[in-house]
Each structure stands twice: as C-alpha cells, then as structure tokens.
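Numbering of the sequence shown is given in the working numbering, commencing with residue 1 and proceeding in unit increments.
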Amino acid sequence: MQVFQVIGNITLCKCHESFHGARLLATEPLGTSLLTGQASTDPDLVVVWDELGAGDASRIAVSDGAEAAQPFRPALKAVDAYCSAILDDIIIDPITVAKLRLNSRG
1 MQVFQVIGNI
11 TLCKCHESFH
21 GARLLATEPL
31 GTSLLTGQAS
41 TDPDLVVVWD
51 ELGAGDASRI
61 AVSDGAEAAQ
71 PFRPALKAVD
81 AYCSAILDDI
91 IIDPITVAKL
101 RLNSRG
C-alpha cells in the first residue's frame, strides 16, 4: 500500500462494462516527498478506482496490483489501483527519518 494525493478526476466517454458507475481519480504518489517535504519534479499519474469519495487534494492509501481487485471478488474487474482509505493525518517521526537517511548512506 502506498500514499497518493488526489489531483483530479477521470471521465470516460466509453468504457468496459465492468467500469459503469466507477469513480476514477487522477492521483500522484507522495513517496519520499512525505519525508523530505519536497515535491517530485516529475511525478507519475496513476488512475485509482474510488468508492470512498476522496476529494481533490485528499491524501489516500492505495492498494495496487492484484490486491486492487480483491474488494470486488467474486466479480472480476480490470483494476490496477484501488483507494483503500482516505487519510486524515500522516505523522512521521523526524528522528526515525534521520536514522533512515544515515542508514541509506552506507
């Protein structure tokens, strides 16, 4: 599971029948920007299936890969990323971040 930020919505004019009624979000991964406070210079755009009602600028927890389709079982849906939670707060301990930086240097 990863943390993403909602940057918009996706609208489909034609779609696979399993996507009728779907709400799709345009998101970008936050990744290390949560630790460094610096936004990525070239973020990826990831389309996420949302049943929870996340809004613009929401931070969300995203399940991806095979886990993304699990909430729909036994039905089969071609989903690669699913909004698992809308996050209210993310608290990161600065001491732990400093230790991670030291360990990554060698």
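Where is the CB? At the ideal position from N, CA and C, for every residue including glycine.
Among G21, L24 and D56, nearest to I7 - alpha-carbon criterion: When only C-alpha atoms are compared, the closest one is D56.
Whole-number beta carbon distance between L12 and D50, since they are thought to touch under 8 Å: About 14 Å; that fails the 8 Å criterion.
Identity of the residues DSSP links to D88 by a beta bridge: Partner(s): none; D88 has no beta bridge.
Whole-angstrom distance between A81 and A54, CA atom to CA atom: Whole-angstrom Cα-Cα distance: 14 Å.
Distance between beta carbons of V46 and R4, contact taken as under 8 Å: The question names Arg, yet the displayed sequence has Phe at residue 4. Right, their Cβ atoms sit about 6 Å apart.
Whole-angstrom distance between S33 and D93, CA atom to CA atom: One Cα belongs to D93, the other to S33, and the distance between them is close to 14 Å.
Cβ pair I90, R59 closer than 8 Å: Their beta carbons are under 8 Å apart, which means I90 touches R59 by this criterion.
Minimum length 4: unbroken alpha helix (DSSP H) runs contained in the segment 17 to 88: Entirely contained in the segment 17 to 88, the alpha helix (DSSP H) runs reaching 4 residues are, in chain order, 33 to 36.
Proximity to L52 [Cα-Cα], best of C83, G37 and Q70: If we check each option's Cα against that of L52, C83 comes out closest.
Cβ separation of A61 and M1, assumed to be a contact under 8 Å, to the nearest whole Å: A61 to M1, Cβ: 5 Å. Contact.
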